[in-house]
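Written below as structure tokens is the structure these notes are about.
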Amino acid sequence: MQGPLKSILAGAVSGIATYFFSLRALGYTNAFVMPSWASLAAWEILVVLGLGATLVALVVHLIAVHILRANAPLALASFFGTTLLAMALAGLLTFGAKTLAAWLLGAFLASLAYRKLRPNNAFKPKPLRGSA
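If you want it as structure tokens, here you go:
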């Protein structure tokens, strides 16, 4: 499969999978009981959106990009387009901006991690050409 097509497919697959897995995860994290000492805004950002959306997007996007060995920036753009389209088709864009931002943060962190962790052949020994 061609490089750009693989990257677009990786972003689209991870966007769709993130949408469906995150709906379930957001339900579970929303059901956690907030301690009395925590503020509502911090709890929502760190626990509900952090675990339910950002972590799910990070894991799903990292797996999809790694399996398909995709170009990270192109896969990220495809991920953004797919999740935006999925939320628009479901009618969730009016009140789902925080969730969309959390997904983008997770996918962005996954793209950064993939670019840092992917194999680099710079230190791979190369046989000398024409000698021996």
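Start counting the sequence shown at -8; every next residue gets the next number (this note's numbering).
For glycine and all other residues, C-beta sits at the position ideal for the given N, C-alpha and C.
These numbers come from a predicted model, not from an experiment.
**Study point:** Bounding residues of the alpha helix (DSSP H) (the contiguous stretch that carries ILE36)
**Key:** Sequence index remark: in the sequence shown, residue 36 carries index 45 (1-based). In the DSSP annotation of this structure, ILE36 is not part of any alpha helix (DSSP H), being labelled neither H nor E.
Check your understanding: Does the region 24 to 33 come within contact of the region 83 to 96, defined as at least 3 CB pairs closer than 8 Å?
Key -> Here the region 24 to 33 makes no contact with the region 83 to 96; the two share fewer than three CB pairs at distances below 8 Å.
Review point. When we look at the beta-carbon of THR85 and count the other beta-carbons within 10 Å, is it buried (16 or more) or exposed?
Key: In the sequence shown, residue 85 corresponds to position 94, counting from 1. Taking all protein chains shown into account, THR85 has fewer than 16 neighbouring C-beta atoms within 10 Å of its C-beta and is therefore exposed.
Review point. With distances taken between CB atoms, is the gap from THR90 to LEU40 smaller than 8 Å?
Key: Counted from its first residue, the sequence shown places residue 90 at position 99. Counted from its first residue, the sequence shown places residue 40 at position 49. Contact: yes.
Point to revise | Assigned exposure category for TYR126 - 16 Cβ within 10 Å defines buried | key: What the structure shows of the chain is the stretch from -8 to 123, and residue 126 is not part of that stretch, so it cannot be assessed.
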